[in-house]
Structure formats: C-alpha cells, structure tokens
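2 protein chains.
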Amino acid sequence: MTVPNAWRQLSVWLGIKHPIIQAPMAGGGITTPELVAAVSNAGGLGSIGAAYMKPEEIVQLARRVRELTDRPYAINLFAPQPPPGDVDPSRMLALLARYHQELGLPPPTPPASPFPSFEEQVDAIVESGARAFSFTLGIPPDAVLERLRARRVVLMGTATTVREAKLLEEARVDIIVAQGSEAGGHRGTFAEPFEAGMVGTLALVPQVVDAVRIPVVASGGIMDGRGVAAARVLGASGAQLGTAFLTCPESGAAPAYKAAIRAARDDMTVVTRALSGRPARGLANTLTEELKDLEVLLPYPLQHSATSPLRGAAAAQGDPRFMTLWSGQAAALSRAIPAAELVRELVEESERLR
Amino acid sequence: MTVPNAWRQLSVWLGIKHPIIQAPMAGGGITTPELVAAVSNAGGLGSIGAAYMKPEEIVQLARRVRELTDRPYAINLFAPQPPPGDVDPSRMLALLARYHQELGLPPPTPPASPFPSFEEQVDAIVESGARAFSFTLGIPPDAVLERLRARRVVLMGTATTVREAKLLEEARVDIIVAQGSEAGGHRGTFAEPFEAGMVGTLALVPQVVDAVRIPVVASGGIMDGRGVAAARVLGASGAQLGTAFLTCPESGAAPAYKAAIRAARDDMTVVTRALSGRPARGLANTLTEELKDLEVLLPYPLQHSATSPLRGAAAAQGDPRFMTLWSGQAAALSRAIPAAELVRELVEESERLR
Chain G
1 MTVPNAWRQL SVWLGIKHPI IQAPMAGGGI TTPELVAAVS NAGGLGSIGA
51 AYMKPEEIVQ LARRVRELTD RPYAINLFAP QPPPGDVDPS RMLALLARYH
101 QELGLPPPTP PASPFPSFEE QVDAIVESGA RAFSFTLGIP PDAVLERLRA
151 RRVVLMGTAT TVREAKLLEE ARVDIIVAQG SEAGGHRGTF AEPFEAGMVG
201 TLALVPQVVD AVRIPVVASG GIMDGRGVAA ARVLGASGAQ LGTAFLTCPE
251 SGAAPAYKAA IRAARDDMTV VTRALSGRPA RGLANTLTEE LKDLEVLLPY
301 PLQHSATSPL RGAAAAQGDP RFMTLWSGQA AALSRAIPAA ELVRELVEES
351 ERLR
Chain E
1001 MTVPNAWRQL SVWLGIKHPI IQAPMAGGGI TTPELVAAVS NAGGLGSIGA
1051 AYMKPEEIVQ LARRVRELTD RPYAINLFAP QPPPGDVDPS RMLALLARYH
1101 QELGLPPPTP PASPFPSFEE QVDAIVESGA RAFSFTLGIP PDAVLERLRA
1151 RRVVLMGTAT TVREAKLLEE ARVDIIVAQG SEAGGHRGTF AEPFEAGMVG
1201 TLALVPQVVD AVRIPVVASG GIMDGRGVAA ARVLGASGAQ LGTAFLTCPE
1251 SGAAPAYKAA IRAARDDMTV VTRALSGRPA RGLANTLTEE LKDLEVLLPY
1301 PLQHSATSPL RGAAAAQGDP RFMTLWSGQA AALSRAIPAA ELVRELVEES
1351 ERLR
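Residue numbers (my numbering), protein chains in the order written: chain G, 1 to 354; chain E, 1001 to 1354.
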C-alpha cells in the first residue's frame, strides 16, 4: 500500500493554498466569475465550465474572473467527439412538443451541435491566462495539449477507470481527476463502455493512485470535510467538488435547481442519457423518467440540443419537472453558504479529522 | 458536519479490539471456521455466511469456530423473502443445458428454494454462541430480532440508502452496515428499487451517519488501510471487507476464484441478476454476459438454484466461465496473505494515515 503523502503536491503544482477544486459545471451559467473567483480567492481552484461557451464568452468571462482575483483558476472543455452522423430527430421532437406546449413554447426544431469550434475555444483559453485547462469525455488532440503545455498551462484530464488514467498519463497530462460513480453531471468515461466506468470513488481513487505517477484528484460524492479527508487518506492529492458549490449564493444555478439540490436525498439521482444523449447523473424528474431508455433518444450532443430550449425555459419558469438537475449522490449534505466560507469549512473540517 | 469520534464505539459494543469486520460471504464454503477464527483471533470480527446452510451445518461450523477462538464472531443470514410464485423454468433450463453438456453434467432440473427453514437457522444461531447476528436483503420478523436480543446477540442490519438505514434503526437493530455500490455480492437493497440503492460508499456513509444515532459500519470497495482510514474519517464506526479476505489462504474460495480476484481490474465487475435472480456484483464472465438482461431469468432465489449445479461444477473444474465470482470494485488491491496478517496490516496502514 502506498502511504499517501501526496496531499501537498497539487497545491505546489497549481500555485494554490488548498487542494480544493470547484468542479467546472458546464451549462446553465452556474460557474459565474463570482463563484470561480471566490473559490480561488479562498485558496482553492475555481473552474469555468466553458464547454458550451463561444470563444468570445470565454474571453469575456475570463477577463471578469481576472478582475475579481489574481489567483490561479481553471477553464474546462469537453474533448471533441466524432460527429453523431445522420439521424432522424422527428420522433424525439414530436415527444418533446408535448412538453413545449405545456410550457407555452414554440414547437422544438431540429437540433444541431451545441458546440462552437473547439480550436477557437482553445484559442480563447490560451489567451485567457487560466492556470489550468481541465477536460473530460476524452483526450483532446495532441497538438492542442502541446500548445497549452508550451504556455505552461497545467493539464487536467478526467478518468473513470484505471485504464483511462493510464491513457491520460501516456498523453502527458499533469493531473488526473478520478471521477467516481457518485459524481453529478456527465460521466467522463471515454475508453470503455460507460457501465465499466461506474466505479465508486472510494474504490477508484486508490487504484488510480497506484497505477500512475502523477497527482490524482478525487471527485464524486465529496461534499464536506469528511469527504475531503477521505480523498486525502485514499491517496489523492486534492478533491474536486461540484454539487457542493452549486448551492453557493455566487453560483448561477437557477433558484429552483438550488432548491431541488437542497431537498435531495441519496436515493433520488439517476444516470440518464435523456438530457444530452450521454450518461450523466442528476436528480430524477419528469424528463429523466418519461424519456428513460427510449430508443428514440438522439445521439450526443443532438439530444442535448433537442432538449435544451425546454430545459432552459423550465429553469426560467422554475419548473423542476423539465430542468437540468445534475447532482452527485450526496446532495443532501449541501449547504447554502458563500463559496469562500465553504472552502474554509472544507479545509477546517478535514483538518480536524487528521 | 458531525466530527467522527465513532471509531471506538463498535469495538466496545462488540467486544473486539479492531473495528474490522470480515464480511459474511455466503455460498461456496468461503467463510471457513479457520477464516472466521483467524479474523476474530486477530482482534477483528469474523463472520460465518450461513444463508444457504442447514441448521446442523451452522451448529457444526459454529462449534468448530468456538474450538479455534474464544473471541466474538458473527453469523449472517438473508432476511426471508416472499415466495417467488409459480414460474415456468423450462426456457432457462434449456439455456443452461448447453453449458451443462459442455461441463459433462446431467441436464439441469427444475429449481426449488435453496433455503432451509429460516426459523430453524435462527434456532441454530441462538444456540451457537455467536456474539452478533448480521443480515441483509431486508429485516427479519420482529419476533426473531426480539429472541436474539433477549440472548444479548448484537443485531447488525444492512442498508444501501438512508431510508433503509432509518427503517433498520426503527426496527431497533444495534449496528447498521452501510453497503456502498462498490461492494461485491448481493445488493442488500430491500426498501427501494435496486438502482436507487446504488450509492457509492463515500457518498453513502456520511449521509447514513448523519441520519441515525447508532453505529455505522462502512462496506463496499474497502481493501486496504486507505479504505479503512477513509471509513473512519467519513464517520463510520468500523469497516467491513469481503473481497479483501476472499484471497486469504484460510478462505474456502475455489483456487480459480481466488486467481480471478487477484487478476481483476476496476472495470471488470458487473451488477447482474444472472446468477441468483437478484442484483449482485461480480466479475463478468460467460455466465453473466450470455444471460444478461434475458427475460427468461427466473425470480430470486430460483435462478440461484437453477444455476447452482453449473456454478458448483465449474468451481470444482476450475472453469471461471461459469463460476460464481462475486467481487467488489477494488479487487485489484487484494493480497494473498493470512487473515491475521491482513487484519494487522489494515490496522497499521490506517493508523499511519491518522
């Protein structure tokens, strides 16, 4: 057994005080500059979830973060995927039309990819001054990693199995985020069937730590100092938390989303393809239950685009039935306190457990 | 956040030195008296997995354990389930006949319940002198719990969600085993759809600890001192390990089973109904893959009985394709060392992480 002495590694690497990373939650305007900067100012690492952002939005957001903090922060993208190919969305759109009508929306239209040019997003990140570039759903092209490396940007890749962690190490990333099955949002799984990547955080982290030589960040189900302390003794160099920061006042999550997280129980989440076409964990609602296992689900990211207007309108109307409610499995432990206070509590609580 | 100060609670309660529990693995003769006694003699709590044992076998095994140790140990049963009702097993038997032929077995015969009378099993436990009675898959009848309570037997129930933990507390059990989704063998889920009970250990344990007033034992994915230390900081009063003890020389697991565990990786397990009719986690093999999601799977426990001769013969022949290979998600961390040494290592490793 490796005795963990890795906890300080990450802080040195990233130039941060506490190895606490606010997870890059894409979509829904959650990772506001205020949230990112508050986490970084508190000594952690804030992250902009920029997957769906246009290059100019990234530039703008990063500039605003820069105004609010001079500490390191990260920007996250989804690794580009092969195009989904030609599919007929008509049956899915017919299904969604019912919900559109219910919310008073015009009928849904054929979906297109929601992603701006990846290369141009990377351009924006290169210009942004972000200390770290994190990514999920795969490994970006070598040229992209090389370009960021040349700018001394720290590269953080997401793995859900030991095999994926080794692939990331081979691609010469600097840090591995080991995403356990408890995690909210998209499963990062890219080199395996998604079911093979449903490994619990407590089982995954020590196996990844033993398999690679680079620092490992634990993610999935971490909500308080107990989870942070567990990450440390499991051999991780840091902890990444998404759901825990989602309910902070600085988070841009819709009020109904925050309320749903605050009221959640451990047995309320599902892993679903219904929202984006790719497996992701969130609170069960009408959308996840009524679209469950349907053959007419569109491939990623077309399902995302097809359901996007509905989810957006539901969020605006405060209707949790049709909203995006990504959540980890320990949402019941969430707190509605400012991000800086949360970072401080996480550090103090975990220190008391030494 | 509750600051865990619970780690010593369990030892006092059970009269053991270290809050390390060898999980009660039923079937396959794994929990030999030698294994159980070795764990208890080392200061942990050994457990006899007696679910499929006849009362006289329980008595005999318990007597042998008593000869080998005067320390506390536990006996485990499955809570009785409603009978499966009338089903036609012919299509499943036809499917299995192919494998029977391949292994040189006579054709499979219609399955019956594999369980002896629960009441008589309990009689045997009452007479056995076991310090603790642990159970899973539900809550035994109140009269049974009352009877054991009167004999000062410590009652340990298995929960996979906060809701189940609360039900166990209401039933006045003494200790809750919180079984995370990483765990090998049968999912203990009894009050929820099984998918709702697939909560990772790191997320489950602190939520259960916060929800009940009785000691909580963490289980699922714990294999070394890192996992034990994680259980402690998550607020548990102890750690239960199955897969970790399976590869000990004292374990009665078939050699081919031990070899499969030693060669396992994190992405190799599946949760399957193929072997028993109830969801359980094990290494994927021909049986789990070829019977996956078939509509002809029999209800629990008839599927268990139907596949039992095949699995038994495969184990005897050393053929992992058709064996029972229950395994947690961190089998890659297994060690083939004597049980007493494993207990000592678990304690020392976790102490170093304080």
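Virtual Cβ for every residue (Gly too), placed ideally from N, Cα, C. Just so it is clear, the structure is predicted and the values come from calculations on it, not from any experiment.
Residue pairing by DSSP places residue 1013 of chain E opposite no residue, since no beta bridge is assigned to it. Residue range 1280-1283 is occupied by the beta strand (DSSP E) that includes residue 1281 of chain E.
Within chain G, 181 and 200 have C-beta atoms less than 7 Å from the C-beta of residue 1181 of chain E, given in sequence order.
For residue 252 of chain G, the closest alpha carbon among the candidates G:268, G:35 and G:20 is that of G:35.
For residue 1241 of chain E, the three-state secondary structure derived from DSSP is strand. With 16 or more neighbouring CB atoms inside 10 Å of its own CB, residue 328 of chain G falls in the buried class. Counting the other CB atoms within 10 Å of its CB gives residue 337 of chain G a total below 16, which places it among the exposed residues.
In the three-state reduction of the DSSP assignment, residue 307 of chain G falls in the helix class. Contact annotation for residue 1266 of chain E against chain G: 161, 162, 199, 203, 204 and 207 [CB-CB distance below 7 Å, chain order]. CA-CA distance, residue 302 of chain G to residue 28 of chain G, rounds to 17 Å.
DSSP places residue 1322 of chain E in the helix class (H, G or I) of the three-state scheme. Note on geometry: alpha-carbon atoms of residue 1314 of chain E and residue 1260 of chain E lie some 13 Å from one another. At the C-beta level, residue 1089 of chain E and residue 1110 of chain E come within 8 Å of one another. At a cut-off of 8 Å, the C-beta of residue 1282 of chain E has no neighbouring C-beta in chain G. When CB distances to chain E are screened at a threshold of 9 Å, not a single residue of the stretch 9-33 of chain G falls below it. Here residue 179 of chain G carries a strand assignment [DSSP, helix/strand/coil].
When C-beta distances to chain G are compared with 7 Å, the residues of the stretch 1223-1246 of chain E below that value are 1224, 1225, 1226, 1227, 1229, 1230, 1233, 1234 and 1235, in chain order.
Here DSSP, grouped into helix, strand and coil, assigns residue 137 of chain G to coil.
When DSSP reads this structure, residue 132 of chain G sits in a beta bridge with G:74 and G:154. For residue 341 of chain G, no CB of chain E lies under 8 Å from its own CB, so it is not counted at the interface with that chain.
With respect to chain G, the C-beta atom of residue 1102 of chain E has no partner C-beta closer than 8 Å.
Restricting attention to beta strand (DSSP E) runs no shorter than 3 residues, the stretch 181-264 of chain G encloses them at 216-219 and 238-241, ordered along the chain.
Closest by C-alpha distance to residue 245 of chain G, out of G:24, G:172, G:8 and G:269, is G:24. Here the stretch 213-232 of chain G makes contact with the stretch 333-351 of chain G; the two share three or more CB pairs at distances below 8 Å. In this structure, G:270 is the residue among G:195, G:52 and G:270 with its C-alpha nearest to the C-alpha of residue 286 of chain G. Between residue 207 of chain G and residue 1342 of chain E, the gap from beta carbon to beta carbon reaches 8 Å or more. By the beta-carbon neighbour count (other beta carbons within 10 angstroms, threshold 16), residue 1204 of chain E is buried.
Residue 1294 of chain E counts as exposed, since fewer than 16 other beta carbons sit within 10 angstroms of its beta carbon. Proximity of the stretch 1136-1153 of chain E to the stretch 1207-1219 of chain E falls short of the contact definition, fewer than three beta-carbon pairs being nearer than 8 Å. G:326 is the residue among G:139, G:326, G:127 and G:10 whose C-alpha sits nearest the C-alpha of residue 242 of chain G. Residue burial annotation: residue 266 of chain G is buried, with at least 16 other C-beta atoms found within 10 angstroms of its C-beta. Of the candidates G:161, G:123 and G:168, the residue whose Cα lies closest to the Cα of residue 54 of chain G is G:123. Separation of residue 67 of chain G and residue 129 of chain G (C-alpha to C-alpha, rounded to the nearest whole angstrom) is 12 Å. With a threshold of 16 other beta carbon atoms within 10 Å, residue 1240 of chain E meets it and is buried. Within chain E, 1354 have C-beta atoms less than 8 Å from the C-beta of residue 354 of chain G, given in sequence order.
DSSP places residue 1087 of chain E in no alpha helix (DSSP H); its state is neither H nor E.
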